[in-house]
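Residue numbers (the UniProt record's numbering): 1 to 108.
A virtual CB, placed ideally from N, CA and C, is assigned to each residue, including glycine.
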Amino acid sequence: MILKYELSAEGIKVLAEEITKNLKKESGFFLNNSEDVYFTIDELAQFINMTKGSIYGLVHKNAIPYHKKGKLYFLKSEILDWIKSGKRETKTSLHDKANEYLAQNPFQ
């Protein structure tokens, strides 16, 4: 099924401006590292793709960095550090570490 739409030059210009505006808005979350940004819980949920309920659960357990001044705020740099800290070791890297330890500390 082929749909045909005819847009005027002005319509194309408006459409391009809207797309550009939306892309800048969305990419701003990921590309704006020069200044630190505070997220609300809704913005954080969108940024890390989690539900608000899951985030509230992490806050309750003090498992995620947050600031509370009347309502919850999350600092982008702290959230990125928190995400990076969750890196898990692969079996290969654990095996390599075990071999390195055993080489340095032989059985007696």
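- Query: Is Tyr38 closer than 8 Å to Tyr73 when the C-beta atoms are compared?
  - Reply: Residue numbering aside, residue 73 sits at position 73 when the sequence shown is read from its first letter. Residue numbering aside, residue 38 sits at position 38 when the sequence shown is read from its first letter. For Tyr73 and Tyr38, yes; Cβs fall inside 8 Å.
- Item | Range covered by the alpha helix (DSSP H) that runs through Tyr56 | Sequence index remark: in the sequence shown, residue 56 carries index 56 (1-based). Residues 52–60.
- Continuous alpha helix (DSSP H) stretch holding residue 111: start and end: This structure does not reach residue 111, given that the chain is present from 1 up to 108, and the question cannot be answered.
- Just how far apart, CA to CA, sit Gly70 and Val14? What you label residue 70 is simply residue 70 of the sequence shown in a count that begins at 1. What you label residue 14 is simply residue 14 of the sequence shown in a count that begins at 1. Spanning the two alpha carbons is a distance of roughly 40 Å.
- Query: Just checking, does the region 44–56 make contact with the region 75–88 on the three C-beta pairs under 8 Å criterion?
  - Reply: yes
- Query: According to the neighbour-count rule (16 or more other Cβ atoms, all chains shown, within 10 Å of its Cβ), is Ile55 buried or exposed?
  - Reply: Within the sequence shown, numbered from 1, the residue matching residue 55 stands at position 55. By the 10 Å Cβ count, Ile55 comes out buried.
- Message: Looking at the strands, I want to know which residues DSSP matches up with His67.
- Response: Numbered from its first residue, the sequence shown carries residue 67 at position 67. In the DSSP output, where bridge partners are listed per residue, His67 has Tyr73.
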